[in-house]
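Data first, discussion second: the structure below is written as structure tokens.
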Amino acid sequence: MSATEIIFYAIAAVMLLSALGVTLAGNIVYAALLFIATLGGVAAVYLLLTVEFLALVQLLIYGGAVVILILFALMLTRARERPQALFGKSRPFGVLAAMGLLAGLIAAAVTTDWVSPADRDGIEPVPFEAIGDVIFTVWVVPFIVVGILLSIALDGAILLATPEDEED
Amino acid sequence: MPPIEHVLVINAILFAIGVMGVLTRRNAILILMSVEIMLSAVTLNLVAFAVYGKVEFGNFTGIIFAFFLIVVAAAEVALALGIVVRTFRNRATANVDEVNLLKW
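So the sequences go chain by chain: A and B. Following our numbering, the numbering of the first sequence begins with 71 at its first residue and continues without gaps. Following our numbering, the numbering of the second sequence begins with 55 at its first residue and continues without gaps.
This is the structure in structure tokens:
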């Protein structure tokens with residue numbers, strides 16, 4: 071087992087355990103902190119898969135923007151005096167459904183005969199410049215569309231969260 | 055590198071954890087975090103297939119898809135948190151089972 075694999079499995083273990091913590095933690099703030107750890111683990115896996123570009127995007131967008139937004143929303147909606155239950159009434163069914171889905175997914179992933187040469191010594195690193203070339207030539211129209219989508223969504227979010235004059 | 059099956063199984067576990075969070079939690083923000091975990095698992099899958107796959111078709115389609123997915127997820131989280139804050143202001147709750155105005 072090479073050093074890369076050991077690092078990969080260690081990072082995956084941290085990622086999965088903190089994701090489990092997000093869904094099981096009894097405190098919302100702990101869940102949010104474990105969520106940050108999960109996203110960091112995902113970024114580290116990108117880095118191990120030699121896609122530095124996506125690791126940076128992940129850290130910037132998720133580690134920067136999304137986590138700050140979620141923490142703000144937590145602070146804005148925690149104005150409750152009494153402690154409240156964090157799990158719904160349908161919890162056993164939810165756990166059962168997730169287990170069933172997991173079994174199906176793992177069975178599909180293991181039994182499928184992947185054509186890709188997984189036993190190569192290494193994978194080719196993905197260079198930054200090539201990604202930039204492809205985004206701004208082949209994928210330029212989707213890139214613009216996604217930019218428009220993002221600005222519309224952010225405008226909508228501002229509109230939603232702005233207090234309006236209360237009539238009632 | 056680990057074989058692709060191991061990467062896929064890890065992503066499947068991550069996705070199932072996200073599904074479990076969505077189905078069991080009742081706070082809207084915790085549900086949102088679980089949705090983000092599910093999206094991360096799917097994005098990781100795309101990247102794994104792109105990186106382990108053949109190089110001949112540019113090798114970048116999965117990576118660009120993952121990039122777009124991250125952007126769309128960011129837009130989604132901003133909108134959803136706006137809705138949560140608005141709901142909290144109007145109904146004084148962030149729990150999805152207490153927002154039952156449209157429930158028949």
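Note that CB positions come from ideal geometry on N, CA and C, so glycine has one too. Keep in mind that this is a model prediction, so the values were computed, not measured.
Supposed contact pair residue j and residue i - C-beta distance, whole angstroms, cut 8 Å
| i | j | result |
| --- | --- | --- |
| V150/B | I83/B | Rounded, the Cβ-Cβ distance is 10 Å, inconsistent with contact. |
| V63/B | V92/A | No, V63/B and V92/A are not in contact; Cβ-Cβ is about 20 Å, not under 8 Å. |
| P233/A | T120/A | The pair is not a contact, with the Cβ atoms about 47 Å apart (cut-off 8 Å). |
| T78/B | R161/A | 5 Å |
| A107/A | V137/A | About 11 Å separates the two Cβ atoms, so there is no contact after all. |
| G226/A | L133/B | 6 Å |
| F163/A | R80/B | Not confirmed; about 14 Å, so no contact. |
| F114/B | I201/A | 6 Å |
Alpha helix (DSSP H) segment containing residue i, residue limits
| i | result |
| --- | --- |
| V180/A | 161-181 |
| S221/A | 210-231 |
| S72/A | Per DSSP, S72/A belongs to no alpha helix (DSSP H) and is neither H nor E. |
| L156/B | Element bounds for L156/B: n/a, residue is neither H nor E. |
| I83/B | 82-106 |
| R145/B | 115-145 |
| N41/B | Shown here, chain B extends from 55 to 158; a query on residue 41/B therefore has no answer. |
| E199/A | 198-207 |
| Q128/A | 122-128 |
| Y132/A | That residue, Y132/A, is in no alpha helix (DSSP H); it is neither H nor E in DSSP. |
| G96/A | G96/A -> no alpha helix (DSSP H), and no H or E assigned at all. |
Short Cβ contact (9 Å threshold) for residue i with residue j
| i | j | result |
| --- | --- | --- |
| V204/A | I118/B | yes |
| F105/A | M87/B | yes |
| S94/B | L109/A | yes |
| V61/B | L98/B | yes |
| V125/B | L220/A | yes |
| M74/B | F78/A | no |
| L124/A | A120/B | yes |
| I98/A | L146/A | no |
| R143/B | E152/B | no |
| R140/B | L230/A | yes |
| L141/A | A168/A | no |
| G111/A | I81/A | yes |
| I176/A | G136/B | no |
| L172/A | A70/B | yes |
| E55/A | F198/A | Outside the shown range of chain A, which is 71 to 238, sits residue 55/A, and nothing can be said about it. |
Same chain only: Cβ atoms within 8 Å of residue i, ignoring 5 sequence neighbours per side
| i | result |
| --- | --- |
| E76/B | The identity of residue 76/B in the sequence shown is Val, whereas the question assumes Glu. Cβ within range, chain order: I85, S88, V89, M92. |
| T74/A | L118 |
| K157/B | none |
| F213/A | I205, F206 |
Residues near residue i in its chain [Cβ-Cβ closer than 6 Å; skip 5 each side]
| i | result |
| --- | --- |
| L68/B | A95 |
| N65/B | A95, L98, N99 |
| G72/B | S88, I91, M92 |
| T147/B | none |
Sequence-distant residues of the same chain with beta carbon closer than 7 Å to residue i, five excluded per side
| i | result |
| --- | --- |
| L166/A | none |
| A127/B | E90, L93 |
| A223/A | none |
| I58/B | A102, Y106 |
| A95/A | A101, L104 |
| Y116/A | L124, A125, Q128 |
| Y132/A | L109 |
| A114/A | I81 |
| W184/A | none |
For the segment 94-125 of chain B, which residues have a CB atom closer than 9 Å to at least one CB atom of chain A, in sequence order? From the segment 94-125 of chain B, only S94, A95, T97, L98, V101, A102, F103, A104, V105, Y106, G107, K108, V109, G112, N113, F114, T115, I117, I118, A120, F121, F122, I124, V125 have a Cβ closer than 9 Å to chain A.
In chain order, what residues of the segment 99-112 of chain A put their CB closer than 8 Å to some CB of chain B? So the list reads A101, A102, F105, T108, L109, V112, given in the order they occur along the chain.
Can you give me, in chain order, the residues of the segment 78-94 of chain B that have a beta carbon less than 9 Å from any beta carbon in chain A? From the segment 78-94 of chain B, only T78, R79, R80, N81, A82, I83, L84, L86, M87, S88, E90, I91, S94 have a Cβ closer than 9 Å to chain A.
Contacting positions in the segment 127-157 of chain B - beta carbon closer than 9 Å to chain A: Residues A127, A128, A129, E130, V131, A132, L133, A134, L135, G136, I137, V138, V139, R140, T141, F142, R143, A146, T147, A148, N149, V150, D151.
Can you list, in chain order, the residues of the segment 132-158 of chain A whose Cβ is nearer than 9 Å to any Cβ on chain B? Per Cβ criterion, the list reads Y132, A135, V136, L139, I140, F142, A143, L144, L146, T147, R148, A149, R150, Q154, A155, L156, F157, G158.
Between the segment 197-208 of chain A and chain B, which residues of the former have CB atoms less than 8 Å from a CB of the latter, in chain order? Within the segment 197-208 of chain A, those residues whose Cβ lies closer than 8 Å to any Cβ of chain B are, in chain order, A200, I201, V204, I205, V208.
Residues in the segment 112-124 of chain A with C-beta within 9 Å of chain B's C-beta atoms, listed in sequence order? Hits within the stretch, in order: V112, V115, Y116, L118, L119, T120, V121, F123, L124.
Check each residue of the segment 216-230 of chain A: if its Cβ is closer than 7 Å to any Cβ of chain B, include it; give the result in chain order. Within the segment 216-230 of chain A, the residues whose Cβ lies closer than 7 Å to some Cβ of chain B are V216, L219, L220, A223, L224, G226, A227, L230, listed in chain order.
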